[in-house]
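So the sequence shown is numbered by the UniProt record's numbering: it starts at 1 and just counts up by one.
Quick reminder that beta carbons are idealized off the backbone N, C-alpha and C, glycines included.
Given the structure is predicted, the values throughout are model-derived calculations rather than measurements.
Following: one structure in structure tokens, then a few remarks.
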Amino acid sequence: MDALSHLRSWLFPQYCKLCSQSLPMGAQLCQHCCATFSTFSEPDLLVRADIQRLFPLRYVDHLVALQWYRPPVSTWLKQYKYAHQLHYQVAVSQLLQQHLYTLSRADNWQWPDSIVPIPLAHSRLVWRGFNQCVLLWQQAVPQGLFVANALARPLSTKQQAKLGARSRRKNLANAFTVRMRVQGMHIAIVDDVMTTGATVDSAARKLKEAGAKEVSAWVVCLTAK
Ligand SMILES: [Zn+2]
């Protein structure tokens, strides 16, 4: 550690959000807590019958998630999204990075050609000021794979949280446009929380129509409604 970093960590000490051990600048979780955090172990959750039943995805080939939507990650996501507490974003990104590293050691793992975030509707982007999903994943995936503006959302779709599963699909039928060349590629769509899967499935459909060979969905948490 150089003298300036030393001084900074003395002035502004950081502690692991899970075990309170002191940390080097920039980290929010210690290596031990990151490595032992309980996550889904499957590199593709669509092999699980319960997950297939809960999330009927027609255009998504593989599903990766950190865990179910529950504390502490659910609390951290809320603090980050609605109260702009960026240190919680760093904690979640650290967990995602560790999770992807673990999954990538499985024999059948393949990194996608590109990783693209679900865009927010324009009205919500203005209201919230940022797309939470971009920072969360950008800091967790290998450099060079992330393409921030590959998908666009030209129509102002009604807020998904207020709609039932069927209305969600209808609402989303033409919500996305693809703005990059995806012919023959494996694309991973990233999002924060998957509730019915309708949003991600709609984006996956557009990617397939644009020629993508394979589409994965990577989300932080799954929540069943
Ligand atoms: Zn810790």
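Burial state of residue i (16 or more Cβ within 10 Å)
i, result
"A217", "buried"
"T196", "buried"
"residue 226", "An answer regarding residue 226 cannot be provided, because it is not within the stretch 1 to 225 covered by the chain."
"D2", "exposed"
"A175", "buried"
"P43", "buried"
"K17", "buried"
"A140", "buried"
"C34", "buried"
"A91", "buried"
Whole-angstrom distance between residue j and residue i, CA atom to CA atom
i, j, result
"L151", "V220", "19 Å"
"W68", "L222", "5 Å"
"L66", "Q97", "10 Å"
"F130", "D50", "34 Å"
"D61", "V200", "11 Å"
"M179", "V215", "The question names Met, but residue 179 in the sequence shown is Arg. Cα-Cα distance, rounded: 16 Å."
"Q21", "D107", "34 Å"
"L4", "M194", "41 Å"
"Y15", "H32", "13 Å"
"K213", "L207", "9 Å"
"V116", "D191", "9 Å"
"A198", "P119", "14 Å"
"W109", "P142", "14 Å"
"W76", "R181", "35 Å"
"P13", "A27", "11 Å"
Cβ pair residue i, residue j closer than 9 Å
i, j, result
"Q94", "L145", "no"
"V147", "S114", "yes"
"Q132", "Q79", "no"
"A204", "Y59", "yes"
"T39", "H99", "yes"
"A224", "S202", "no"
"L45", "L23", "no"
"M185", "P112", "yes"
"G211", "Q183", "yes"
"L135", "L86", "yes"
"A121", "R153", "yes"
Backbone secondary structure at residue i - three-state DSSP
i, result
"Y15", "strand"
"Q52", "helix"
"Q28", "coil"
"Q132", "helix"
"D201", "helix"
"V219", "strand"
"L23", "strand"
"H62", "strand"
Residues around ligand 1, please: the condition is that the C-beta lies closer than 6 Å to some non-hydrogen atom of it.
Counting every residue whose Cβ lies closer than 6 Å to a heavy atom of ligand 1, we get C16, L18, C19, Q21, L29, C30, H32, C33.
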